[in-house]
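Trainee: Residue numbers (the numbering used here): 1119 to 1492. Sharing a structure with you now.
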Amino acid sequence: MQLLSLLRARFEQALTGWVDDPAMHAQRVTLARDPRHGDYQANIAMPLQKTLEMKPQDIAARLVEKLNVADICQTPEIAGPGFINLRLKDEFLAEHLLAALGDERLGVGHASPLTYVIDYSAPNVAKPMHVGHIRSTVIGDALNRILRFLGHHVISDNHLGDWGTQFGMIIYGYKHFVDPAAYARQPVAELSRLYRLVQQIIAYQAAKPKVAAAYDAVRRAKEIKSELQAATTEQTSKQSAKHKADLKQADKELRAANELVHSLTEKVGAVEQAPELLQLAQNHPELEQSAQLETAKLHEGDRDSLALWEQFLPLAITEIENVYRRLGVEFDFTYGESFYQPMLEGVVEELLRSGMAVKVKGPSAFSWKGSMRR
């Protein structure tokens, strides 16, 4: 039983024969914003005053006379300019709560069935699941369960990140940095370490050349802000407003420059303060390009790369499935990004041929020129 639907139905009955489209007006029965005024509230009278050419209070009074809610509510109260406040009877609530407790569906009916596709969780299998995956997983699973309970047809889908750049990083890391003993004990943890290690070195190599320019940007931003602060205040109000805006922008740019310096120096310091990491970074220059080459080899079907990917993937998926089992989460379909790999070549060729995309940089960057709709 839905209380709001029940009350709206009673108001619709009271309005029938009196106003056009009584169902529409009955939708103005809502939960009370302030519980001191009751459990539900109807704001029906005021919108009808012009149509009925009556005062809202008189409309509310007549509506209360016609309203049949004695089995549900205490005597309705008219408040303010024509609000109708409704307070549920304790015995009504008790009766229906007891009935709900004895009903396996707790009094919730079935909806008109629709089809829903819910895509959720979708972890990157290159590393173990962590607390950051909980939100999407439990929200998606809750929606899945609720919609199924209501009688809808639900398709639950888990789109795993099992392809692409992250595996190029892992393959490169495995070839050059793996700890065989650690991999034998806990393969997924070791693969995750390799992924993070390659990411860290790539971040270091990208940040290192930018540090000097970032410090220069801070110096310039400080100079601009100092000049603006020293500027004369004898200006018209219009000039003063512009001066304040310029000063605010200068302060914003200085903060951004300082944040960039902090980010870059943090990445550089984390490696340079660890001799082993620094040695790895020096021994593997341009690591990002090297990892991209490993990714390209995997995508092109290189036998050795595919063999490593096929070795790593079941290990990672088994660990992910263990987490889902503990959470009681199940999916109708679990397809990784790799599922689409055999289809991509034809799609890319079609987009280029149709003029919907053009190559702009490298083998895998495109500029969209049209809609995907046909």
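Virtual Cβ for every residue (Gly too), placed ideally from N, Cα, C. Only a predicted model underlies this, so the values are computations on that prediction, with no experimental measurement involved.
1. Name, in chain order, the residues that DSSP records as bridge partners for Ile1273.
2. Helix, strand or coil: how does DSSP classify Gln1120 here?
3. Exposed or buried, which one is Thr1255 when buried takes at least 16 other CB atoms within 10 Å?
4. I'd like the span of the beta strand (DSSP E) that includes Ile1196, first residue to last.
5. Run through DSSP, which three-state label would Asn1335 get?
6. Tell me where the alpha helix (DSSP H) around Phe1457 begins and ends.
7. Taking the C-alpha atoms as reference points, what is the distance between Ala1300 and Tyr1292?
8. Quick test of the definition: if touching needs 3 or more C-beta pairs under 8 Å, does the stretch 1269-1277 touch the stretch 1236-1247?
9. Report the residue ranges of all alpha helix (DSSP H) runs contained in full by the stretch 1189-1268; include only those spanning at least 4 residues, in chain order.
10. Any beta carbon of chain C sitting closer than 8 Å to that of Ala1321?
11. Would you say Leu1462 and Phe1285 are within 8 Å of each other, going by their C-beta atoms?
12. In this structure, how does DSSP classify Thr1413 when only helix, strand and coil are distinguished?
13. Can Ala1132 and Lys1207 be called in contact, C-beta distance under 8 Å?
14. Tell me which same chain residues have a C-beta within less than 6 Å of the C-beta of Leu1395, skipping the five on either side of it?
15. Quick check on Thr1106: does DSSP put it in helix, strand or coil?
16. In three-state terms, what does DSSP make of Thr1148?
17. What is the DSSP secondary structure of Gln1429, reduced to helix, strand or coil?
18. Residue range of the beta strand (DSSP E) that Gln1159 falls in?
19. Assuming contact is defined by CB atoms lying nearer than 8 Å, are Ile1196 and Gln1167 in contact in what I supplied?
20. By the 10 Å Cβ neighbour count, where 16 or more other Cβ atoms means buried, how is His1143 classified, buried or exposed?
21. What's the gap between the Cα of Tyr1442 and the Cα of Pro1241?
22. Residues in the same chain with beta-carbon distance under 8 Å from Asp1364, minus the five sequence neighbours each way, listed in chain order, please.
23. Quick check: the Cα distance between Glu1171 and Pro1199, rounded to an integer number of angstroms?
24. Taking buried to mean at least 16 other C-beta atoms within 10 Å of its own C-beta, is Arg1491 buried or exposed?
25. Please classify Leu1125 as buried or exposed, where buried requires at least 16 other C-beta atoms within 10 Å of its C-beta.
26. Is DSSP giving Arg1491 helix, strand or coil here?
27. At the level of alpha carbons, what is the spacing between Ala1160 and Asp1138?
28. Smallest Cα separation from Ile1289: which of Leu1315, Ile1202, Arg1338?
29. Determine the extent of the alpha helix (DSSP H) in which Gly1279 is found, giving its start and end residues.
30. For Thr1452, list the residues DSSP reports as bridge partners.
31. Do you know offhand how far Ile1342's Cα is from Gln1367's?
32. How many angstroms separate the CA atom of Ala1374 from the CA atom of Ala1335?
33. If you compare alpha carbons, which of Gln1429, Val1447, Ala1321, Gly1454 is closest to Ala1409?
Mentor: So, from the listed chains and residues:
1. Val1235
2. coil
3. So Thr1255 ends up on the buried side.
4. 1195-1197
5. A quick correction: the sequence has Ala, not Asn, at residue 1335. Residue state, collapsed to three classes: helix.
6. Phe1457 -> no alpha helix (DSSP H), and no H or E assigned at all.
7. 12 Å
8. yes
9. Runs of the alpha helix (DSSP H) spanning 4 or more residues and lying entirely within the stretch 1189-1268 occur at 1208-1219, 1252-1267, in chain order.
10. You won't find chain C in this structure, because it holds only one protein chain.
11. no
12. helix
13. no
14. Hits under 6 Å: Val1389.
15. This structure cannot speak to residue 1106, because the chain is shown only from 1119 to 1492.
16. strand
17. The answer is helix: DSSP assigns Gln1429 an H, G or I state.
18. 1158-1160
19. no
20. Label assigned to His1143: buried.
21. 11 Å
22. Leu1346
23. 15 Å
24. A caution first: Arg1491 carries a pLDDT of 45, below 50, which makes its placement in the model too unreliable to give a value.
25. buried
26. Low local confidence applies: a pLDDT of 45 at Arg1491 is under 50, so the model's placement there is unreliable, and no value is given.
27. 17 Å
28. Leu1315
29. First-last for Gly1279: undefined, no H or E at that position.
30. Asn1276
31. 10 Å
32. Roughly 10 Å between the two C-alpha positions.
33. Ala1321
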